[in-house]
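Each residue of the sequence shown is one higher than the one before, starting from 32 at the first, in my numbering.
The beta carbon of each residue, even a glycine, is placed where N, CA and C say it ideally should be.
Model, not experiment: these values are computed from the prediction.
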Amino acid sequence: MNVDKKAFTLTDNRSGKTYELDVLKGTDGPDVIDVRKLYSETGHFAYDPGFTSTGSCQSEITFIDGEKGVLLYRGYPIEQLAEKSNFLEVCYLLIYGNLPISESMRIFSQRITYHTMLHEQLNLLFKGFRRDSHPMAIMNGVVGALSSFYHDSTDITDPRHRFIASTRMIAKMPTIAATAYRYSKGLPFAYPRNDLGFSENFLYMMFSNPCEEYVTNPILSRAMDRILMLHADHEQNASTSTVRISGSSGANPFACIAAGIASLWGPAHGGANEAVLAMLKEIKTKDRVPEYIKRAKNKEDPFRLMGFGHRVYKNFDPRATILRQSAHEVLGDLGIEDDPILDLALELEQIALKDDYFVSRKLYPNVDFYSGIIYRALGIPTSMFTVLFAVARTVGWVAQWNEMIEDPTQKIGRPRQLYTGETERDYVDVKDR
Ligand code: SDX
Numbered sequence: 032m033n034v035d036k037k038a039f040t041l042t043d044n045r046s047g048k049t050y051e052l053d054v055l056k057g058t059d060g061p062d063v064i065d066v067r068k069l070y071s072e073t074g075h076f077a078y079d080p081g082f083t084s085t086g087s088c089q090s091e092i093t094f095i096d097g098e099k100g101v102l103l104y105r106g107y108p109i110e111q112l113a114e115k116s117n118f119l120e121v122c123y124l125l126i127y128g129n130l131p132i133s134e135s136m137r138i139f140s141q142r143i144t145y146h147t148m149l150h151e152q153l154n155l156l157f158k159g160f161r162r163d164s165h166p167m168a169i170m171n172g173v174v175g176a177l178s179s180f181y182h183d184s185t186d187i188t189d190p191r192h193r194f195i196a197s198t199r200m201i202a203k204m205p206t207i208a209a210t211a212y213r214y215s216k217g218l219p220f221a222y223p224r225n226d227l228g229f230s231e232n233f234l235y236m237m238f239s240n241p242c243e244e245y246v247t248n249p250i251l252s253r254a255m256d257r258i259l260m261l262h263a264d265h266e267q268n269a270s271t272s273t274v275r276i277s278g279s280s281g282a283n284p285f286a287c288i289a290a291g292i293a294s295l296w297g298p299a300h301g302g303a304n305e306a307v308l309a310m311l312k313e314i315k316t317k318d319r320v321p322e323y324i325k326r327a328k329n330k331e332d333p334f335r336l337m338g339f340g341h342r343v344y345k346n347f348d349p350r351a352t353i354l355r356q357s358a359h360e361v362l363g364d365l366g367i368e369d370d371p372i373l374d375l376a377l378e379l380e381q382i383a384l385k386d387d388y389f390v391s392r393k394l395y396p397n398v399d400f401y402s403g404i405i406y407r408a409l410g411i412p413t414s415m416f417t418v419l420f421a422v423a424r425t426v427g428w429v430a431q432w433n434e435m436i437e438d439p440t441q442k443i444g445r446p447r448q449l450y451t452g453e454t455e456r457d458y459v460d461v462k463d464r
């Protein structure tokens, strides 16, 4: 990182005092003004509630350019990875920083495979939930409980512990997700198979029937693998920031990932894919689209167009562009000629992209707008959409968590505030109130 010393001068016009601030320069994207000494020198905090203008850390993992619609994992464009790579290779890339040679990939893949099984006691935990529990609630509970099973990988200061915990998280999330699904259906749990690839194994654990021979479907596996790649990491989004700030206190990795799952669940974040399907089902027909576009623009109405808008992308989300293409391919491959939900989504997209309200606010379809349509075609129930997002994003959370712990400058995350409450006052006995 390069430093432009004293690149900014800050003047307090009330006192005439001036302060000089350095600019820190990265390898791409906006530079940052170093305000770490702002309070100690000026007695003022910076104020940025939604972190719209705040860099919370340095990172080498993922780069986004919201204006150009660019997404790079360790420098590789998402479009090239989606076309040429696979999810496990992207996991290796995000964690280690470079694409693996074949021997390294074999070893990494084998290690993940041999950690996909769950401790048998964990299966009892699933059975404590109601059958109609939301699978995100089950995933959150089970992942948080992992720290009670793996005492050999909770010392975050030990690189070996971090290595094992990271491997376990990536490997076990598909098994936890599939088990939550099968529990909700009253199906017997399916053990992972070591002869199947990551996405094939996930679909097997989800949909295999113990009474019949399971036949893998390469179209579904490839579609699933591509969706997982697209969701793997995304810079300092809400859930990743949650994992980082949880980890900054020294909490164990399983608790940090459980915190990330909780944050991802929100409909403004990873829960949006489930909300998009619910919205399309509520709109039902193309002739009702204008009514919902009108509602989305009405500030008095809490309705928002789910799957549209993004804090960073003020252009098309490159993942949405890939998923839009993939949705057509998957539906075509599966012989689903006219999918009314996809038709409705395309109509909604076309109308919104011509409407000044959305254009002026640069509200474009995001990753969640099309993912649900593909999940539906793959036979994934709507309640599992955010669970799949969590399966994919676990590698991003794990990579960012390790980067945070290995950052020598990292401190516990502890923001301050602008206090607007009561000033000091004395206690009044109830008889005098
Ligand atoms: C993800 O951060 C990440 O990287 C997240 C993610 C990842 O990979 O981790 O990319 C995954 O979470 C994608 C986003 C999924 N969420 C949704 O699709 C939910 C719908 N979108 C909105 O809730 C919203 O767009 C956000 C939360 C995504 C972004 O909100 P911002 O950046 O805080 O924007 P804002 O609320 O300040 O909106 C700016 C304006 C406002 O209107 P004005 O006050 O200027 O009049 O745009 C309006 C908003 O009311 N607006 C919308 C809208 N999104 C923003 N109006 C209608 N429908 C929408 N969807």
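Assuming contact is defined by CB atoms lying nearer than 9 Å, are residue i and residue j in contact in what I supplied?
i    : j    : result
Y127 : F285 : no
T83  : L41  : no
A221 : A208 : no
N329 : T185 : no
L153 : L177 : yes
I263 : G363 : In the sequence on display, residue 263 carries Ala and not Ile. Against a cut-off of 9 Å, the Cβ pair of G363 and A263 comes out as no contact.
A408 : V343 : no
F194 : V173 : no
Y323 : E331 : no
F416 : N304 : yes
H77  : V54  : First, the amino acid is wrong: residue 77 is Ala here, not His. Not closer than 9 Å, so no.
T271 : R424 : yes
L354 : Y395 : no
L311 : L379 : yes
L119 : K203 : no
N232 : P205 : yes
G100 : P412 : no
I436 : G278 : yes
N433 : H341 : no
G297 : A421 : no
I201 : C287 : no
L124 : S133 : no
K317 : D369 : no
L419 : I292 : no
Taking the continuous alpha helix (DSSP H) assigned at residue i, which residues delimit it?
i    : result
L373 : P371 to K385
L52  : L52 -> not in any alpha helix (DSSP H); beta strand (DSSP E) instead, spanning T49 to K56.
G233 : As written in the sequence, residue 233 is Phe, which differs from the Gly given in the question. It spans F229 to F238 - the alpha helix (DSSP H) in which F233 sits, taken as one unbroken run.
D256 : P249 to L261
A209 : P190 to K216
H359 : P349 to D364
S71  : L69 to T73
If you measure from the CB of residue i, is any heavy atom of the ligand SDX nearer than 8 Å?
i    : result
V307 : yes
F94  : no
P349 : no
P298 : yes
T425 : no
A327 : yes
M337 : yes
S270 : yes
F400 : yes
T188 : no
A202 : no
A303 : yes
G291 : no
L394 : yes
V343 : yes
H359 : no
N397 : yes
G60  : no
T83  : yes
K48  : no
K330 : yes
G452 : no
H192 : no
G340 : yes
For residue i, count neighbouring C-beta atoms within 10 Å of its own C-beta (all shown protein chains included) and say buried if the count is 16 or more, exposed if not.
i    : result
Q448 : exposed
D163 : exposed
Y458 : exposed
Q267 : buried
Q431 : buried
I443 : exposed
A113 : buried
Between which two residues does the beta strand (DSSP E) holding residue i run?
i   : result
K37 : N33 to T42
Would you list, in sequence order, the uninterrupted alpha helix (DSSP H) runs of no fewer than 4 residues that lie entirely inside the stretch 95-169? 109-115, 118-127, 133-144 and 151-157
At what residue ranges does the stretch 270-335 contain a whole run of the alpha helix (DSSP H), taking only runs of 4 or more? 284-295, 303-314 and 320-328
Minimum length 4: unbroken alpha helix (DSSP H) runs contained in the stretch 393-436: 398-408
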